[in-house]
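Report on one structure; see the data block that follows.
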Amino acid sequence: DAKTTQPTSMDCAEGRAANLPCNHSTISGNEYVYWYRQIHSQGPQYIIHGLKNNETNEMASLIITEDRKSSTLILPHATLRDTAVYYCIVRVPLSSNTGKLIFGQGTTLQVKP
Amino acid sequence: KAGVTQTPRYLIKTRGQQVTLSCSPISGHRSVSWYQQTPGQGLQFLFEYFSETQRNKGNFPGRFSGRQFSNSRSEMNVSTLELGDSALYLCASSERQGDGYTFGSGTRLTVV
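This is the structure in structure tokens:
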């Protein structure tokens, strides 16, 4: 079973920030939060990951609450090409037992003109 | 660097047949994982191979099998195909087991 909970769908206006929440209340101390997205008919694409500090890369920012029970993925200036299903996953990297990624249903983000 | 390559992109098979799907990982990547994606069940893990050995396996029947070759290329096989096996089959590779994964575009299998 997925260890994360995400809203089923969200809308965002083009050019505005998209804030995608994720609850992971049972996260363990050594588990990281990963975000992937899947654009229609393509394979999932890695976006960002973090342990407890906020992270930023060229695609997005990841804000993790102090108690690590929830996080938010931020796309600062959403474009139509950001329309996709976004998956939040918790896992321990570089572990022999976590070769598998457990995907939930994800959040379908629709960016509108 | 070339990405993860899956062949074929599309496949139509008849119930009862078997099928073999191929995955070429990114050069230097030694771990290959396979996933099945259906509208009803979403993305589900099938198995992972590292250095030619199966390291993890998901909850799929024995009709689903795979292997990895010495050059890290991987194949998965589904025997006695059922209508419910119609899905997008995705392959992902990583440099080390449990590391960040890069996915291919998948093979769309339709069983009729």
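Line by line, the protein sequences are chains B and G.
Just add 16 to the spot in the first sequence (first one is 1) and you have this note's numbering.
Just add 7 to the spot in the second sequence (first one is 1) and you have this note's numbering.
Even for Gly, the Cβ is constructed at its ideal location relative to N, Cα and C.
At least one CB of chain G lies nearer than 7 angstroms to the CB of Y62/B.
Within the same chain, Cβ atoms closer than 7 angstroms to the Cβ of L88/G are found at K20, R22, G23, Q24, Q25, V26 and V118, the five residues on either side in sequence being excluded. Across the set Y42/G, L28/G and S112/G, the C-alpha of Y42/G shows the shortest separation from the C-alpha of K64/G. Annotation for T45/G: the continuous beta strand (DSSP E) segment containing it runs S38 to T45. Using a Cβ distance threshold of 7 angstroms, E74/B and I64/B do not count as a contacting pair. The region 27-36 of chain B and the region 74-88 of chain G do not touch, with fewer than three beta-carbon pairs separated by less than 8 angstroms. G69/G is outside the set of residues whose beta carbon lies under 7 angstroms from a beta carbon in chain B.
For Q22/B, the nearest beta carbon of chain G is not closer than 7 angstroms to its own beta carbon. Taking a contact to require three or more Cβ pairs closer than 8 angstroms, the region 94-103 of chain B and the region 118-128 of chain B qualify as touching. The beta carbon of N63/G falls within 7 angstroms of a beta carbon belonging to chain B, placing the residue at that interface. Look at G23/G here: in three-state DSSP terms it is coil, with no helix or strand label. By the neighbour-count criterion, in which 16 or more other beta carbons inside 10 Å mark a residue as buried, I43/B falls on the buried side. In the structure shown, L88/G falls within a coil segment according to DSSP collapsed to helix, strand and coil. At a cut-off of 7 angstroms, the C-beta of G49/G has a neighbouring C-beta in chain B.
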